[in-house]
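Under the numbering used here, the first residue of the sequence shown carries the number 1069, and numbering increases by one thereafter. The block underneath contains the structure these notes are about, expressed in structure tokens.
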Amino acid sequence: MTVVHLSGRLVCADARDASIVAEHLPAHLALTRAEPGCLSFEVAPTADPLVWTVEERFDGEPSFRAHQSRAAESPWGRATAHLARDYTITGLPA
């Protein structure tokens, strides 16, 4: 199976958005890391308080797609849907 790797940034528009990320992130990290097929999952603040780095690795497309679906429907997904995301994803079929 091909490992799927997502790498990039989550960008907040203002301090209110950053507080939303901080509020919802701990549960999102715990739930994602417990998902079948999650090899690693990190979301970390940068020197810019409005920007977070994101690094995800899943053991294949099915587990990655399942994560994307679960996350979109979660409290995290609903609260952060409006935030800018700048991601590169490798390991998915062209």
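Glycine included, C-beta positions come from ideal geometry on N, C-alpha and C.
To test your reading of the DSSP string, which unbroken alpha helix (DSSP H) runs of 4 or more residues are found completely within the stretch 1082 to 1128?
1083 to 1101
With 16 as the cutoff for other CB atoms within 10 Å, does His-1150 come out buried or exposed?
exposed
Compute the Euclidean distance between the alpha carbons of Ile-1088 and His-1073, then round it to the nearest angstrom.
25 Å
Cβ pair Val-1111, Leu-1093 closer than 9 Å
yes
If you reduce the DSSP assignment to three classes, tell me which class Ser-1075 lands in.
strand
Answer yes or no: do Thr-1121 and Gly-1159 have a C-beta to C-beta separation smaller than 9 Å?
no
Is it buried or exposed for Thr-1100, if we count other Cβ within 10 angstroms and need 16 for buried?
buried
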